[in-house]
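Worksheet: one structure, shown below.
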Amino acid sequence: MKNVQASSVLTPVVQQVKNNSTSWVGHRHGETKDRITGQTFICPTEGLLGCIEILSNHVTNKGNIELTIHEFDPEGKIWGPVMANSTVEFTADTTGKWVAFPLSGLPLHKGKVYAFRLKSDDTLIGIGEAASSAQNKTDINGQEWIAVSGNTQGKYYSYLSLAFKVEMRA
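When we follow my numbering, the leftmost residue of the sequence shown carries the number 253, and every step to the right adds one.
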């Protein structure tokens with residue numbers, strides 16, 4: 253029997269799994285700009301990032317989604333440079349499933365704020381999200397970010413959160 257060290261097992265350290273709405277990512281037929289979405293979160297522990305999972309609600313056609321992860325300044329709403337990226341192909345078979353974006357080995361630090369972006373120029377994907385209210389915000393202390401290509405400032409929403417899991421080796 254092989255012993256598995258705790259550090260080799262991926263553990264969700266931040267997650268929001270409620271799904272009562274959909275955020276769209278990618279290229280909508282007939283539009284000239286692509287929809288981009290993202291999520292901020294506070295890292296609760298030290299460790300190495302293994303992957304970020306998102307919930308695929310709907311796949312309009314086969315295509316690739318790119319995820320980038322960044323340090324994030326919540327006061328100035330400033331995205332740092334890309335720390336790592338991962339691209340995954342989505343198909344009809346991924347509808348309704350958690351999809352992992354491998355990001356092995358990136359060190360994340362306790363108490364730091366990070367953000368990830370999702371974008372595509374060849375498909376339109378519905379990502380699960382939790383919609384709450386301004387009085388009843390999600391409990392992850394993060395914000396969903398929505399933008400279109402050409403306007404990377406976008407808008408931040410504390411009452412919306414993508415359905416996601418940040419999995420680390422602590």
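Glycine included, every Cβ here is placed at the ideal spot set by N, Cα and C.
Cβ-Cβ distance between residue i and residue j below 7 Å
| i | j | result |
| --- | --- | --- |
| Cys295 | Pro354 | no |
| Thr289 | Leu370 | yes |
| Glu305 | Ala352 | yes |
| Leu412 | Glu396 | yes |
| Glu285 | Gly406 | Inspection of the sequence shows that residue 285 is occupied by Lys rather than by Glu. No, the Cβ-Cβ distance between Lys285 and Gly406 is not below 7 Å. |
| Leu300 | Pro359 | yes |
N- and C-terminal bounds of the beta strand (DSSP E) containing residue i
| i | result |
| --- | --- |
| Gly315 | Gly315 to Asp325 |
| Gln291 | Asp286 to Ile294 |
| Gln405 | Asn403 to Tyr409 |
| Glu396 | Glu396 to Val400 |
| Ile304 | Gly299 to Val311 |
| Ile377 | Leu376 to Ala383 |
| Ser372 | No beta strand (DSSP E) holds Ser372; DSSP gives it neither H nor E. |
| His279 | Ser273 to His279 |
| Asn393 | Element bounds for Asn393: n/a, residue is neither H nor E. |
Rounded C-alpha distance that separates residue i from residue j
| i | j | result |
| --- | --- | --- |
| Tyr366 | Val418 | 11 Å |
| Leu308 | Trp350 | Position check: residue 308 holds Ser in this sequence, whereas Leu was assumed. Using only the alpha carbons, I get a separation of about 6 Å. |
| Ser384 | Thr274 | 13 Å |
| His279 | Asn316 | 11 Å |
| Thr404 | Val269 | 26 Å |
| Gly348 | Gly380 | 9 Å |
| Arg421 | Lys362 | 13 Å |
| Thr400 | Thr343 | For clarity, residue 400 is Val in the given sequence; the question names Thr instead. Cα-Cα distance, rounded: 23 Å. |
| Ser338 | Thr320 | 7 Å |
| Arg393 | Asp374 | The identity of residue 393 in the sequence shown is Asn, whereas the question assumes Arg. Approximately 32 Å between the Cα atoms of the pair. |
| Ser410 | Asp391 | 10 Å |
| Gly357 | Ile330 | 24 Å |
| Val340 | Glu318 | 7 Å |
| Gly332 | Ala415 | 23 Å |
| Gly378 | Pro326 | 26 Å |
| Ile398 | Tyr408 | 7 Å |
| Gly282 | Gly328 | 34 Å |
| Ser372 | Phe293 | 22 Å |
Assigned exposure category for residue i - 16 Cβ within 10 Å defines buried
| i | result |
| --- | --- |
| Gln257 | Interpretation of Gln257 is limited by its pLDDT of 45, a score under 50 that renders its predicted location unreliable; no figure is taken from the coordinates. |
| Arg287 | buried |
| Val334 | exposed |
| Val277 | buried |
| Val266 | buried |
| Val311 | buried |
| Met253 | Note that Met253 has pLDDT 40, beneath the 50 cutoff, so the model's placement of it is unreliable and the number below is only indicative. Counting Cβ neighbours within 10 Å, Met253 comes out exposed, since fewer than 16 surround it. |
| His322 | buried |
| Ser260 | exposed |
Whole-angstrom C-beta distance between residue j and residue i, which should lie under 8 Å
| i | j | result |
| --- | --- | --- |
| Asn271 | Ala382 | 7 Å |
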